[in-house]
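Novice: Residue numbers (our numbering): 1206 to 1300. For glycine and all other residues, C-beta sits at the position ideal for the given N, C-alpha and C. Note that the coordinates shown come from a computational prediction; the quantities given were computed from them, not determined experimentally.
#1: If I measure Cβ to Cβ from residue 1233 and keep anything under 7 Å in the same chain, skipping five residues before and after, which residues do I get?
#2: Return the first residue and the last residue of the alpha helix (DSSP H) that residue 1253 is part of.
#3: According to DSSP, is residue 1229 part of a helix, a strand, or is it coil?
#4: On a CA-only basis, which of 1250, 1241 and 1295 is nearest residue 1211? Give me that one, please.
#5: Of all Cβ atoms in chain C, is any one closer than 7 Å to the Cβ of residue 1211?
What follows is the structure in structure tokens.
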């Protein structure tokens, strides 16, 4: 249930109204739910959704079978920096 619902009023041309009703019918949803879903999707596309928001249900939910990976990220990052420094010092830009 929504905490606080803000009523909105807007005009649709007849063709968009027809398409909206068709989508609602095919999806088995109220027209208002289709409108809310479309607005939410557009807002996410424009404003962005964080990667964490997208994968929040999965973070920490699986065992990779490889122990200690998280503990070794600092070491891996250090190795990348050392390699980058070596390439810059020798002028070797090939990766």
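Specialist: Straight from the coordinates:
#1: Answer for residue 1233: no residue qualifies.
#2: Unbroken run through residue 1253: none, as it is neither H nor E.
#3: It is helical.
#4: Minimum Cα distance to residue 1211 is reached at 1241.
#5: Going by chain labels, chain C is absent from the structure shown, which holds only one protein chain.
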